[in-house]
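Undergrad: Residue numbers (our numbering): 1 to 385.
1. Can you tell me where the beta strand (DSSP E) with residue 75 in it begins and where it stops?
2. Mark residue 164 as exposed unless 16 or more other C-beta atoms lie within 10 angstroms of its C-beta, in which case mark it buried.
3. What first and last residue would you give for the beta strand (DSSP E) that runs through residue 163?
4. Considering only the beta carbon of each residue, do residue 187 and residue 271 sit closer than 8 angstroms?
5. Flag this pair as touching only if the stretch 74-90 and the stretch 138-145 have three or more C-beta atom pairs under 8 angstroms; answer yes or no.
6. Which parts of the stretch 178-226 are runs of the alpha helix (DSSP H), unbroken and 4 residues or longer, counting only runs that do not cross its ends?
7. Using DSSP with H/G/I as helix, E/B as strand and the rest coil, what is residue 140?
8. Within 10 angstroms of the Cβ of residue 257, are there 16 or more other Cβ atoms? Answer buried if so, exposed if not.
9. If you reduce the DSSP assignment to three classes, tell me which class residue 300 lands in.
10. Looking at the strands, I want to know which residues DSSP matches up with residue 29.
11. Where does residue 321 land, buried or exposed, given buried means 16+ other C-beta within 10 angstroms?
12. Any idea which residues DSSP pairs residue 421 with across the strands?
13. Within 10 Å of its beta-carbon, does residue 69 have 16 or more other beta-carbons around it, so buried, or fewer, so exposed?
14. Using beta-carbon positions only, say whether residue 168 and residue 180 come within less than 8 angstroms of one another.
15. Run the CB neighbour count on residue 222, radius 10 Å, all protein chains shown included, and call it buried at 16 or more, exposed below.
16. Using 8 angstroms for Cβ pairs, my map puts residue 255 next to residue 249. What's the rounded Cβ distance?
17. Can you give, in chain order, each stretch of the beta strand (DSSP E) that sits fully within the stretch 56-111 and has at least 3 residues?
18. Per DSSP, residue 52 is paired with what?
19. Using 8 angstroms as the Cβ pair cut-off and three pairs as the minimum, do the stretch 281-293 and the stretch 41-59 touch?
20. Within the same chain, show all residues whose beta-carbon is closer than 8 angstroms to that of residue 356, passing over the 5 residues directly before and after it, in chain order.
21. Mapping the DSSP letters down to three states, classify residue 359 as helix, strand or coil.
22. Note the first and the last residue of the continuous alpha helix (DSSP H) segment covering residue 249.
23. What is the rounded straight-line gap between the Cα of residue 62 and the Cα of residue 189?
24. Considering residue 350, what are the terminal residues of the alpha helix (DSSP H) in which it resides?
25. Indicate the three-state DSSP secondary structure (helix, strand or coil) for residue 271 in the structure shown.
26. Since residue 19 is in the alpha helix (DSSP H), which residue starts that stretch and which ends it?
27. Between which two residues does the beta strand (DSSP E) holding residue 320 run?
28. According to the neighbour-count rule (16 or more other Cβ atoms, all chains shown, within 10 Å of its Cβ), is residue 304 buried or exposed?
29. Using the Cβ count rule (16 or more neighbours within 10 Å means buried), how would you classify residue 103?
30. What does the alpha-carbon distance come out to for the pair residue 44 and residue 301?
31. So is residue 6 buried or exposed if we call it buried at 16+ other beta carbons inside 10 Å?
32. Of the choices 72, 91 and 67, whose alpha-carbon is the least far from that of residue 78?
33. Which of helix, strand or coil does DSSP assign to residue 121?
34. By the 10 Å Cβ neighbour count, where 16 or more other Cβ atoms means buried, how is residue 266 classified, buried or exposed?
35. Since residue 324 and residue 73 should fall inside the 8 angstroms C-beta cutoff, what is the C-beta to C-beta distance between them, to a whole number of angstroms?
36. Just confirm the distance between the C-beta atoms of residue 135 and residue 220, as a whole number of angstroms; I'd bet it's less than 8 angstroms.
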């Protein structure tokens, strides 16, 4: 009988669904050299029932749970200017999450731990909502989260779960037997998940270089506006730096999980009740609104449940109807492709560490240096105001 450990690294997204599905507790997740977790099966406990393999939804034949034939497409952003400036896109997630919390529901999203590791967590009040806002280009730790969601649903709680498509789809598969209709999902338009170990090494490198522990991380600071998002890092010694070293490696497709280069979810066949992303290339549409570089969320409404929640949250949003032609981007067409130098990058990283590969593969050249120079000047001016 086939088991999940028969899958290759290209066929495992690390979602933990197999851990939840195993009736014998025979599976646990173990990190590899890059921090990506893969299932390890205890042969003394495994009965070779094959349930873990059957339940895995990381496949081109994944089950579609949504009931709208075509997504409803919108450009949206928060009416609240202060909250919009603090968001890293248009703030649509904030409006949706606040709506759920106001109804006594629970929201699951991705947060930083004290040492800036990236974990999924549960939020039950608006005061804690900021912890799960913002972009985090690192694979989140899902240990125990699916079980927690299942238990909350069994207690008839209203639950909103946000994550990348492979996480959302596999959670929906694990909860389909719970017929409460109380689970609402958001899938994020995804460029792949970054390596937790490389992220950890990067932060250690920064702390050593600047002789201080980190206090705050912002992976998409709007200092240069929404389209010019940059990384900013604030340290306990009050020093603040501006860089793009990690995101350059990420968007150059050096550091994503192997399965991200083989993702079945990069299409308009969305897995969440709602899909969220950035509405890139908005300036190429006929619309005259939202052209101030403050941020625009792209929203797909994929189900009747998603439509109801969207309507409930819409009083907090400025909304413009759109269509799939206007919003089309590569992550809706095909998987990302690995950088042609990725194998060499990984060999160099494992042998020489982060600093070496950041220097060898992460030089963004003259345009990058100008961008960082301008950002630093703007930061200095703002501090003096």
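Even for Gly, the Cβ is constructed at its ideal location relative to N, Cα and C.
TA: This is what the structure holds:
1. Along the chain shown, one-based indexing puts residue 75 at 75. From DSSP, the beta strand (DSSP E) with residue 75 extends over 72-78.
2. Residue 164 sits at position 164 when you count from the first residue of the chain shown. Burial call: buried.
3. Working through the chain shown from its first residue, we reach residue 163 at position 163. Start and end: 159-163.
4. Residue numbering aside, residue 187 sits at position 187 when the chain shown is read from its first letter. Residue numbering aside, residue 271 sits at position 271 when the chain shown is read from its first letter. Cβ atoms of residue 187 and residue 271: closer than 8 angstroms.
5. No contact exists between the stretch 74-90 and the stretch 138-145.
6. Inside the stretch 178-226, DSSP marks whole alpha helix (DSSP H) runs of 4 or more residues at positions 196-209, from first to last along the chain.
7. Locating residue 140 in the chain shown gives position 140, where the first residue counts as 1. DSSP, read as helix, strand or coil, puts residue 140 in coil.
8. Here the question's residue 257 lines up with position 257 in the chain shown. Its Cβ being crowded by 16 or more others within 10 Å, residue 257 is buried.
9. On the chain shown, residue 300 is found 300 positions in, with the first residue counted as 1. DSSP places residue 300 in strand when its eight states are reduced to three.
10. Residue numbering aside, residue 29 sits at position 29 when the chain shown is read from its first letter. According to DSSP, which records beta bridges pairwise, residue 29 is partnered with 39.
11. Stepping through the chain shown from its first residue, residue 321 is reached at position 321. Per the 10 Å Cβ criterion, exposed.
12. With the chain represented from 1 up to 385, any question about residue 421 goes unanswered, as that position is not in the structure.
13. On the chain shown, position 69 is the one that residue 69 refers to. It is exposed - the Cβ of residue 69 has fewer than 16 other Cβ atoms within 10 Å.
14. As a position in the chain shown, residue 168 is number 168, starting the count at 1. As a position in the chain shown, residue 180 is number 180, starting the count at 1. No Cβ-Cβ contact shorter than 8 angstroms links residue 168 with residue 180.
15. Within the chain shown, the letter at position 222 stands for residue 222. Counting every other CB atom within 10 Å of its CB across the protein chains shown gives residue 222 a total of 16 or more, marking it as buried.
16. Working through the chain shown from its first residue, we reach residue 255 at position 255. Working through the chain shown from its first residue, we reach residue 249 at position 249. With a Cβ gap of about 5 angstroms, residue 255 and residue 249 count as contacting.
17. The beta strand (DSSP E) runs of length 3 or more contained entirely in the stretch 56-111 are, from start to end of the chain, 72-78.
18. As a working note, residue 52 is residue 52 in the chain shown. When DSSP reads this structure, residue 52 sits in no beta bridge, so it has no partner.
19. The stretch 281-293, when compared against the stretch 41-59, does not touch it at the 8 angstroms Cβ threshold.
20. By one-based count along the chain shown, residue 356 stands at place 356. If we look at residue 356 and ignore the five residues flanking it on each side, its Cβ neighbours are 348 and 349.
21. Working through the chain shown from its first residue, we reach residue 359 at position 359. Residue 359 sits in a helix when the DSSP states are folded into three classes.
22. Indexing the chain shown from 1 puts residue 249 at position 249. Start and end: 245-251.
23. Numbered from 1 along the chain shown, position 62 holds the residue referred to as residue 62. Numbered from 1 along the chain shown, position 189 holds the residue referred to as residue 189. Roughly 17 angstroms separates the two Cα atoms.
24. Sequence index remark: in the chain shown, residue 350 carries index 350 (1-based). Its alpha helix (DSSP H) spans residues 342-352.
25. Residue 271 sits at position 271 when you count from the first residue of the chain shown. If DSSP states are grouped into helix, strand and coil, residue 271 belongs with coil.
26. The residue labelled residue 19 in the question sits at position 19 within the chain shown. Going by DSSP, residue 19 is part of the alpha helix (DSSP H) stretching over 17-21.
27. Taking the chain shown and counting its residues from 1, one reaches residue 320 at position 320. Where residue 320 is concerned, the enclosing beta strand (DSSP E) stretches over 317-321.
28. Stepping through the chain shown from its first residue, residue 304 is reached at position 304. Residue burial annotation: residue 304 is exposed, with fewer than 16 other C-beta atoms found within 10 angstroms of its C-beta.
29. Within the chain shown, numbered from 1, the residue matching residue 103 stands at position 103. Taking all protein chains shown into account, residue 103 has fewer than 16 neighbouring C-beta atoms within 10 Å of its C-beta and is therefore exposed.
30. Looking up residue 44 in the chain shown gives position 44. Looking up residue 301 in the chain shown gives position 301. Near 45 angstroms, if we compare the C-alpha coordinates of residue 301 and residue 44.
31. Counted from its first residue, the chain shown places residue 6 at position 6. Residue 6 comes out exposed.
32. Walking along the chain shown from the start, residue 78 turns up at place 78. Put simply, of 72, 91 and 67 the residue whose alpha carbon is nearest the alpha carbon of residue 78 is 91.
33. Taking the first residue of the chain shown as 1, we reach residue 121 at position 121. It is a strand residue.
34. The residue you call residue 266 lines up with position 266 of the chain shown. Classified as buried, residue 266 has 16 or more neighbouring CB atoms from the shown chains inside 10 Å of its CB.
35. The count along the chain shown starts at 1 and reaches residue 324 at position 324. The count along the chain shown starts at 1 and reaches residue 73 at position 73. Rounded, the Cβ-Cβ distance is 6 angstroms, consistent with contact.
36. Working through the chain shown from its first residue, we reach residue 135 at position 135. Working through the chain shown from its first residue, we reach residue 220 at position 220. Rounded to whole angstroms, the Cβ separation of residue 135 and residue 220 is 5 angstroms, and the two are in contact under 8 angstroms.
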